[in-house]
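Q:
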Amino acid sequence: MEIMETRVLILGGGATGTGLARDLALRGVDCLLAERRDINAGASGGNHGLLHSGARYVASDAAAAIECREEGELLKRLAPQCIEDTGGLFVAVQGDDENYIANFESMCAASTVPTRPLDLAEARHLEPALSDRLIAAYATEDASVDPFMLSLDNLAQAVDKGARYLRNAKLVGFEMDGGRIARSVFLNQTAGERFAIEAEIVVNATGAWAGMVAALAGAHIDILYSSGSLLVTQDRLTTRVVNRLRKAADSDILVPGGTVSVLGTTSVTIDSPDLCRPTVAEADAIIDDARAMIPVLETTRYIRAYAGVRPLVMVAGVGDARSVSRNFSLIDHEKDDVDNFVTITGGKLTTYRLMAERTGDLVCAKLGVDAPCTTRIEPLPASTRGEWTEPGLGPRRWIGERDGDDIILCECEMVSRKAVNQIIDGMDGQYGSSLLNGIGLRSRVGKGPCQGGFCGLRVTGHLYDEGYVSGLRGVHEMHAFTRRRWRGLRPVLWGLPLVQADLQEALYCGALDLELEADARDDGGDL
Amino acid sequence: MSGNTHDVMVIGAGFAGMAAALFAAQAGLSVAQSGVTGGIDFSTGFIDLMGVHPVAEGVRWDDPWAAVEAVSRDCSKHPYARMNRPDMEAAIDGFTDFLASQGLEYTGHADRNCRALTPAGTVKRTWRVPRTAWKGVLALESAAPTVIVDFHGLKGFSGRQLVEMRKATWPGLRTARVTFPRGSGELYPEHMAWALADPKYRAKLAEAVAPHLGDAEYLGFPAVLGLVDPGRVVAHLEELTGRQVFEIPTIPPSIAGPRLRGAFDRGLPPLGVRTLSQATVTEAGMDRDGFRFVVGRGGGKTEVRAGAAILATGRFFGKGLMADRHAIREAVFDLPVVQPETREQWHDREFFNARGHAANASGLEVDELFRPLARDGRPAHERLFAAGAILAHQDWMRMKCGAGLAITSAWRAVQGLRQGVD
Numbered sequence: 001m002e003i004m005e006t007r008v009l010i011l012g013g014g015a016t017g018t019g020l021a022r023d024l025a026l027r028g029v030d031c032l033l034a035e036r037r038d039i040n041a042g043a044s045g046g047n048h049g050l051l052h053s054g055a056r057y058v059a060s061d062a063a064a065a066i067e068c069r070e071e072g073e074l075l076k077r078l079a080p081q082c083i084e085d086t087g088g089l090f091v092a093v094q095g096d097d098e099n100y101i102a103n104f105e106s107m108c109a110a111s112t113v114p115t116r117p118l119d120l121a122e123a124r125h126l127e128p129a130l131s132d133r134l135i136a137a138y139a140t141e142d143a144s145v146d147p148f149m150l151s152l153d154n155l156a157q158a159v160d161k162g163a164r165y166l167r168n169a170k171l172v173g174f175e176m177d178g179g180r181i182a183r184s185v186f187l188n189q190t191a192g193e194r195f196a197i198e199a200e201i202v203v204n205a206t207g208a209w210a211g212m213v214a215a216l217a218g219a220h221i222d223i224l225y226s227s228g229s230l231l232v233t234q235d236r237l238t239t240r241v242v243n244r245l246r247k248a249a250d251s252d253i254l255v256p257g258g259t260v261s262v263l264g265t266t267s268v269t270i271d272s273p274d275l276c277r278p279t280v281a282e283a284d285a286i287i288d289d290a291r292a293m294i295p296v297l298e299t300t301r302y303i304r305a306y307a308g309v310r311p312l313v314m315v316a317g318v319g320d321a322r323s324v325s326r327n328f329s330l331i332d333h334e335k336d337d338v339d340n341f342v343t344i345t346g347g348k349l350t351t352y353r354l355m356a357e358r359t360g361d362l363v364c365a366k367l368g369v370d371a372p373c374t375t376r377i378e379p380l381p382a383s384t385r386g387e388w389t390e391p392g393l394g395p396r397r398w399i400g401e402r403d404g405d406d407i408i409l410c411e412c413e414m415v416s417r418k419a420v421n422q423i424i425d426g427m428d429g430q431y432g433s434s435l436l437n438g439i440g441l442r443s444r445v446g447k448g449p450c451q452g453g454f455c456g457l458r459v460t461g462h463l464y465d466e467g468y469v470s471g472l473r474g475v476h477e478m479h480a481f482t483r484r485r486w487r488g489l490r491p492v493l494w495g496l497p498l499v500q501a502d503l504q505e506a507l508y509c510g511a512l513d514l515e516l517e518a519d520a521r522d523d524g525g526d527l
Numbered sequence: 001m002s003g004n005t006h007d008v009m010v011i012g013a014g015f016a017g018m019a020a021a022l023f024a025a026q027a028g029l030s031v032a033q034s035g036v037t038g039g040i041d042f043s044t045g046f047i048d049l050m051g052v053h054p055v056a057e058g059v060r061w062d063d064p065w066a067a068v069e070a071v072s073r074d075c076s077k078h079p080y081a082r083m084n085r086p087d088m089e090a091a092i093d094g095f096t097d098f099l100a101s102q103g104l105e106y107t108g109h110a111d112r113n114c115r116a117l118t119p120a121g122t123v124k125r126t127w128r129v130p131r132t133a134w135k136g137v138l139a140l141e142s143a144a145p146t147v148i149v150d151f152h153g154l155k156g157f158s159g160r161q162l163v164e165m166r167k168a169t170w171p172g173l174r175t176a177r178v179t180f181p182r183g184s185g186e187l188y189p190e191h192m193a194w195a196l197a198d199p200k201y202r203a204k205l206a207e208a209v210a211p212h213l214g215d216a217e218y219l220g221f222p223a224v225l226g227l228v229d230p231g232r233v234v235a236h237l238e239e240l241t242g243r244q245v246f247e248i249p250t251i252p253p254s255i256a257g258p259r260l261r262g263a264f265d266r267g268l269p270p271l272g273v274r275t276l277s278q279a280t281v282t283e284a285g286m287d288r289d290g291f292r293f294v295v296g297r298g299g300g301k302t303e304v305r306a307g308a309a310i311l312a313t314g315r316f317f318g319k320g321l322m323a324d325r326h327a328i329r330e331a332v333f334d335l336p337v338v339q340p341e342t343r344e345q346w347h348d349r350e351f352f353n354a355r356g357h358a359a360n361a362s363g364l365e366v367d368e369l370f371r372p373l374a375r376d377g378r379p380a381h382e383r384l385f386a387a388g389a390i391l392a393h394q395d396w397m398r399m400k401c402g403a404g405l406a407i408t409s410a411w412r413a414v415q416g417l418r419q420g421v422d
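What follows is the structure in structure tokens.
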């Protein structure tokens, strides 16, 4: 069995894990990040992409509100390529809780969260999609963030500074030696082989999976799995983030992201994070509720749904998921008699940097390293690994820089053959169980109106042409990719998406017999 | 608004609509037909009759007639259960004879399905293939030395994919990528087909592939070999290369749709069919005397009156069925649609679920004469018929019965109509 060595092993390649890799690399601490599937495969890839102003939390958790405000301001300055500073609105409609509305401004002030009352006509002028039954509106400083670009850029700088990373590396178990983790044993899911990593400290940044990972080391964390589903609209419906001005509930946030808007979310307690997927019932519930705020949500076209799991760390005596703190938990497992093991979980995308900083501080203290955190002042450089996740980049590049023999493989989002090759190069050979899903994660491929129906076939042909796949492998790739896209499609199959799905099945099954040729393979998880 | 009165209005311009218009016109009825480019533009050009049953077990049939019998026995509501073989054969032969008269010959085995290569590298069973694809069926059956040619700039068709997918059972299959003799950058099948109408480009194409021929007996191309008379293009390329030449369908936008549509556009008007092509029915009404339709919008509106109507509007993609969040509806007359109770049940959690999706078996319930039923269980109208994919209790995509069902049910609808007229 191959054995790798590092000072700090980071488990989990979400925002926290990649943020920590960057944090440690900037401090000059050798680290290696191992991810079971792919970057942002968990909650970091299954959220709104909302950079909170803090206003969402002023009633429930003033400390969280302040953290969000501070971190939001930092990220807007230090990682502008990942953020669209849209501004936000908090709006209430007839029937919403008037006490909550009346207290909102003073609660924001108490948490130092900037807010400004708007008259209703002004609010509707700013966002014409808002309901004419508005009764209150405030401007806030919310923004939207591209979580994939954020994690990929964090990872890119970490790697530049000497960090290493492995994807498709599934943790199998720990070999314990007294009160320490001596070795972490993995399965390389690309090659199907086991290997081990020896580290001075192991950081568990696996989000919703943190309890399971901790258990492998004999430590205990009680985590409530709260699944949240979101819907993506075909068009961008508002310029700003629009929040429902009420106590936190389902379907109260609409976040613009490039050319689309994301609506959510729900909070459904599930038994295992691996069971997270959006449902038909949740899609209906979200629309039925949110249309009071933005009526066009009833008739607009949705292109897909997705879901993520919030890892809510349980404290004794707390009941439902919405009332469990959304703050993060940093746990030194010395208390469980595992000296070199730390868990960081919970929290929010907006505070990922702070979570990485605090974890980095703890890790450095344990290692006896006194290098300070610099991510509070050091800008996050834009990388080429993250750039293809940006909506609208495809068409701009195609028009601006194309050369004669390049051709478009994904017509909805204009991703060309050369762009696909660049994306594959950025994957460093760690393709895991599905190269096509990896391409989809790193680009807009499969995210336009065809939802992969056409581009999936074309990119597969290209993978054969370039020799990335052989034998029946390409059709297995098609299956994995289609299964993944279908999870998000099924909840929104009415109107035009159903027309598109009908066409896709006519093509895949009616014309190509793809359902008969290759085995369907379970590729696990959701994005 | 101009007006006109016809014996029958055919609503739909896919396989079912085209077949219904053809059969009705051949029966001497005056026919009007409306409909925009439908599923026909996304077809392979193959005519499937019946290939898989039971779907859940993925059992594939080489004898389509035995499969029709089996599905009629096991699924008594399948439209095939209301047909007989002589009618079905007459319908398909009538359809392909018409296409042949327009330069699109079809062929196949006498009594069994062909096995044909798809652009994904899979092999599907189908009843009739364009003559230009036939040598591919023979090459596959004999696993003869074959070169698949693909082109720089033509996406979605990878010779290498075909070779990789089939190499386990077809070791003599090779591929060669060449530059198409006309046009650079991105290529589209329809443009390539137009170019190859000119013998000069066929000669250049033959020159381009010559260095790759080796010991190959067969030479396969993506389906770009001519639009109006592909048979002549293929024959010329055979002469130029000394090899047996065949076509493999491409993924949409393919040449199959324009070829079929061209054949109907040329062939139906001389039979007296009034085609209101690229226009859909925007208003529909029926009473005891017959039907009144408005076709098109704005200044191009046409009013059509007809004594009878055939609904061949297809499913969701064809816009014969529409769905909102709560229910599936029929688009023209708001006829009742057999469907699962809730949207949760429409689609399975897995796209490739072996059973298929319940929504695919939704559609119109019909009587023995292929007349759709109203809510009271009686025909919605004495002279309203339905044909094709809009019919309930079938899953053409999984059973591989799309074009066959369209053509044979169109035949039955016209038969029913004639009984009423006679």
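Respectively, the protein sequence lines represent chains A and B.
Going letter by letter, the first sequence gives residues 1 to 527 in UniProt numbering.
Going letter by letter, the second sequence gives residues 1 to 422 in UniProt numbering.
The beta-carbon is built from N, C-alpha and C at its ideal position, and this holds for glycine as well.
No experiment lies behind these values; they were computed from the predicted model shown.
(1) Residues in its own chain within less than 7 Å of His220 (chain A) by CB, not counting five upstream and five downstream?
(2) Using a Cβ-Cβ distance under 8 Å, would Thr44 (chain B) count as near chain A?
(3) According to DSSP, Gln244 (chain B) sits in a beta bridge with which residue or residues?
(4) Less than 8 Å between the C-beta atoms of Thr250 (chain B) and Phe157 (chain B), yes or no?
(5) How would you write the range of the beta strand (DSSP E) that Asn243 (chain A) sits in, first residue to last?
(6) What in chain A is Cβ-close to Thr250 (chain B), meaning under 9 Å?
(7) Report back the beta-carbon spacing between Ala281 (chain A) and Glu344 (chain B) to the nearest angstrom; my notes put them in contact at under 8 Å.
(8) Going along chain B, which residues have a C-beta under 8 Å from residue 537 (chain A)?
(9) Can you give the beta carbon distance from Ala380 (chain B) to Ala374 (chain B), rounded, assuming they're within the 8 Å contact cut?
(10) Determine the closest residue to Ala139 (chain B) out of B:Glu247, B:Tyr106, B:Lys77, with distance taken between C-alpha atoms.
(11) Ignore the nearest five residues each way along the sequence and tell me which others in Glu330 (chain B)'s own chain have a CB closer than 6 Å to its CB.
(12) Give the straight-line distance between the Cα atoms of Ala292 (chain A) and Val93 (chain A), rounded to the nearest whole angstrom.
(13) Please confirm whether Asp324 (chain B) has its beta-carbon closer than 8 Å to some beta-carbon of chain A.
(14) What would DSSP say about Arg85 (chain B), mapped onto helix, strand or coil?
(15) Whole angstroms are fine: how far does the CA of Arg174 (chain B) sit from the CA of Met478 (chain A)?
(16) Ignoring anything shorter than 4 residues, give me the alpha helix (DSSP H) runs that lie fully in the segment 476 to 512 of chain A, in order along the chain.
(17) On the DSSP bridge list, what partners appear for Asp150 (chain B)?
(18) When the Cα atoms are used, what is the spatial distance from Thr410 (chain B) to Asp97 (chain B)?
(19) Taking just the CA atoms, how far does Cys412 (chain A) sit from Asp229 (chain B)?
(20) Since Val185 (chain A) and Ala199 (chain A) should fall inside the 8 Å C-beta cutoff, what is the C-beta to C-beta distance between them, to a whole number of angstroms?
(21) Go ahead and pull the three-state DSSP assignment for Gly317 (chain A).
(22) Taking DSSP as the reference, what is the three-state secondary structure of His236 (chain B)?
(23) Output, in chain order, the set of chain B residues within a Cβ distance shorter than 8 Å of residue 529 (chain A).
(24) Pull the bridge partners of Gly88 (chain A) from the DSSP assignment, please.
(25) Using 10 angstroms around the beta-carbon of Asp87 (chain B), count the other beta-carbons present and answer buried if the total reaches 16, otherwise exposed.
(26) So, is Glu98 (chain A) buried or exposed, given that buried needs 16 or more other C-beta atoms within 10 angstroms?
(27) Starting from the beta carbon of Val499 (chain A), find every residue of chain B whose beta carbon is closer than 7 Å, and list them in chain order.
(28) Using DSSP bridges, identify the partner residues of Pro381 (chain A).
(29) In chain order, what residues of the segment 467 to 480 of chain A put their CB closer than 9 Å to some CB of chain B?
(30) Decide if Ser254 (chain B) is buried, meaning its Cβ has at least 16 other Cβ atoms within 10 Å, or exposed.
(31) Look up Ser226 (chain A) in the DSSP assignment and say whether it is helix, strand or coil.
(32) Over what stretch of residues does the beta strand (DSSP E) that includes Val295 (chain B) continue unbroken?
(33) For Asp142 (chain A) and Glu127 (chain A), I'd like the C-alpha separation in whole angstroms.
(34) Would DSSP call Leu367 (chain A) helix, strand or coil?
(35) For Lys348 (chain A), does the count of other Cβ atoms within 10 angstroms reach 16, so buried, or fall short, so exposed?
(36) Please determine if the segment 462 to 476 of chain A and the segment 414 to 425 of chain A are in contact, where contact requires at least 3 C-beta pairs separated by less than 8 Å.
A: Looking at the coordinates:
(1) Taking the first sequence and counting its residues from 1, the one referred to as residue 220 (chain A) is at position 220. Correct list, in chain order: Ala214, Asp336.
(2) Counting from 1 along the second sequence, the entry for residue 44 (chain B) is found at position 44. For Thr44 (chain B), the answer is yes, since a Cβ of chain A falls inside 8 Å of its Cβ.
(3) Start at 1 with the first residue of the second sequence, and residue 244 (chain B) comes out as number 244. B:Tyr218.
(4) If you number the second sequence from 1, residue 250 (chain B) lands on position 250. If you number the second sequence from 1, residue 157 (chain B) lands on position 157. Their beta carbons are under 8 Å apart, which means Thr250 (chain B) touches Phe157 (chain B) by this criterion.
(5) Translated into the one-based positions of the first sequence, residue 243 (chain A) becomes position 243. Its beta strand (DSSP E) spans residues 241 to 244.
(6) Locating residue 250 (chain B) in the second sequence gives position 250, where the first residue counts as 1. Here the premise fails: no neighbours, minimum Cβ distance about 10 Å.
(7) Taking the first residue of the first sequence as 1, we reach residue 281 (chain A) at position 281. Taking the first residue of the second sequence as 1, we reach residue 344 (chain B) at position 344. Confirmed, about 7 Å.
(8) Here chain A has residues from 1 to 527 only, and residue 537 (chain A) is not among them.
(9) Start at 1 with the first residue of the second sequence, and residue 380 (chain B) comes out as number 380. Start at 1 with the first residue of the second sequence, and residue 374 (chain B) comes out as number 374. So it is a contact: roughly 4 Å between Cβ atoms.
(10) Locating residue 139 (chain B) in the second sequence gives position 139, where the first residue counts as 1. Checking every option, the nearest Cα to that of Ala139 (chain B) belongs to B:Glu247.
(11) Counted from its first residue, the second sequence places residue 330 (chain B) at position 330. For Glu330 (chain B), where only same-chain residues beyond five positions count, the Cβ hits under 6 Å are Val337.
(12) Along the first sequence, one-based indexing puts residue 292 (chain A) at 292. Along the first sequence, one-based indexing puts residue 93 (chain A) at 93. Distance between the alpha carbons of Ala292 (chain A) and Val93 (chain A): 7 Å.
(13) Within the second sequence, residue 324 (chain B) is the residue found at index 324, counting from 1. Yes - at least one Cβ of chain A is within 8 Å of the one on Asp324 (chain B).
(14) Taking the first residue of the second sequence as 1, we reach residue 85 (chain B) at position 85. Helix, per DSSP.
(15) Stepping through the first sequence from its first residue, residue 478 (chain A) is reached at position 478. Stepping through the second sequence from its first residue, residue 174 (chain B) is reached at position 174. Computed Cα separation, rounded: 23 Å.
(16) 495 to 505
(17) Taking the second sequence and counting its residues from 1, one reaches residue 150 (chain B) at position 150. For Asp150 (chain B), which the question treats as bridged, DSSP gives the partners B:Arg177.
(18) Taking the first residue of the second sequence as 1, we reach residue 410 (chain B) at position 410. Taking the first residue of the second sequence as 1, we reach residue 97 (chain B) at position 97. Here residue 410 (chain B) is Ala; the residue named in the question, Thr, does not match the sequence. The alpha-carbon atoms of Ala410 (chain B) and Asp97 (chain B) are separated by roughly 16 Å.
(19) Mapped onto the second sequence, residue 229 (chain B) falls at position 229. Mapped onto the first sequence, residue 412 (chain A) falls at position 412. Distance between the alpha carbons of Asp229 (chain B) and Cys412 (chain A) is about 33 Å.
(20) Counting from one through the first sequence, the residue named residue 185 (chain A) turns up at place 185. Counting from one through the first sequence, the residue named residue 199 (chain A) turns up at place 199. Actually they do not touch by this definition, with Cβ atoms about 12 Å apart.
(21) One-based indexing of the first sequence puts residue 317 (chain A) at position 317. Here the model assigns Gly317 (chain A) a pLDDT of 49, short of 50, so the residue's position is not dependable, and the following value carries that caveat. Coil at Gly317 (chain A), not helix or strand.
(22) Counting from one through the second sequence, the residue named residue 236 (chain B) turns up at place 236. Three-state result, His236 (chain B): helix.
(23) Here chain A has residues from 1 to 527 only, and residue 529 (chain A) is not among them.
(24) As a working mapping, residue 88 (chain A) is identified with position 88 in the first sequence. Per DSSP, A:Thr140, A:Val241.
(25) Against the second sequence, residue 87 (chain B) aligns to sequence position 87. So Asp87 (chain B) counts as exposed.
(26) The residue labelled residue 98 (chain A) in the question sits at position 98 within the first sequence. The residue is exposed, with fewer than 16 neighbouring Cβ atoms inside 10 Å.
(27) As a working mapping, residue 499 (chain A) is identified with position 499 in the first sequence. Chain order gives the chain B residues near Val499 (chain A) as Phe316, Phe317, where near means a beta carbon separation below 7 Å.
(28) Position 381 of the first sequence, counted from the first residue, corresponds to residue 381 (chain A). Pro381 (chain A) pairs with nothing; no bridge assigned.
(29) Gly467, Val469, Ser470, Gly471, Leu472, Arg473, Gly474, Val475, Met478, His479
(30) Position 254 of the second sequence holds residue 254 (chain B). Buried: at least 16 other Cβ atoms inside 10 Å.
(31) For the purposes of this step, residue 226 (chain A) is taken as the residue at position 226 of the first sequence. Ser226 (chain A) falls in the strand class under three-state DSSP.
(32) Here the question's residue 295 (chain B) lines up with position 295 in the second sequence. Residues 290 to 295.
(33) Stepping through the first sequence from its first residue, residue 142 (chain A) is reached at position 142. Stepping through the first sequence from its first residue, residue 127 (chain A) is reached at position 127. Their backbone Cα atoms lie some 15 Å apart in a straight line.
(34) Locating residue 367 (chain A) in the first sequence gives position 367, where the first residue counts as 1. Note: Leu367 (chain A) maps to helix in three-state DSSP.
(35) On the first sequence, position 348 is the one that residue 348 (chain A) refers to. Burial call: buried.
(36) yes
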